[in-house]
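Student: Numbering (my numbering), first residue to last: 2 to 137. Shown below is the structure under consideration.
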């Protein structure tokens with residue numbers, strides 16, 4: 002990990018880029034009891050094109066797709082991810098800005114389990130024609 006000290010604000014930020022391209026930032030906060038986890042994608046409300054995995058051609062999608070997907074991501078075959086975070090003692094949320102969509106949790110317990118839940122649900126979406134119809 003790369004360590005960067007910010008002496009003027011007495012903070013140290015650690016960064017690492019994983020083999021899959023995921024950028025990880027760790028900001029330890031002494032004297033804090035709560036842990037926050039945030040997963041941010043570079044796809045926001047102004048985006049309406051992308052290249053699907055395994056393809057070469059750009060496709061166009063309806064405006065507002067980032068916000069739509071923000072909500073859909075919390076739906077899983079085995080239930081609602083908000084409930085899972087709650088059972089693990091965490092609070093979860095998400096938001097979409099112009100250029101990014103972020104998924105987050107905060108907790109005072111079960112940090113590793115909640116981090117795994119965050120990574121799993123964001124990186125393994127569950128879409129079916131039935132659930133997509135319910136949202137339209």
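Yeah, the Cβ is synthetic: ideal placement off N, Cα and C, and Gly gets one too.
What does a CB cutoff of less than 6 angstroms around residue 28 pick up in its chain, not counting 5 residues either side in sequence?
Tutor: The count along the chain shown starts at 1 and reaches residue 28 at position 27. Answer for residue 28: 14, listed in chain order.
Student: Mind pulling the beta strand (DSSP E) runs of 3 or more residues that sit fully within the stretch 81–130?
Tutor: If we require 3 residues or more, the beta strand (DSSP E) runs fully inside the stretch 81–130 come out as 91–97, 102–108.
Student: Alpha carbon to alpha carbon, how far is residue 38 from residue 115? Give it in angstroms, no decimals.
Tutor: In the chain shown, the residue the question calls residue 115 occupies position 114. In the chain shown, the residue the question calls residue 38 occupies position 37. Approximately 8 angstroms, taken between the alpha carbons.
Student: Going by Cα to Cα distance, which pick from 97, 80, 2, 68 is closest to residue 19?
Tutor: Against the chain shown, residue 19 aligns to sequence position 18. Residue 19 has its Cα closest to that of 2, out of 97, 80, 2, 68.
Student: Taking 6 angstroms as the limit between beta carbons, can you name the residues of its chain near residue 34, skipping five residues before and five after?
Tutor: As a position in the chain shown, residue 34 is number 33, starting the count at 1. Here the set comprises 109.
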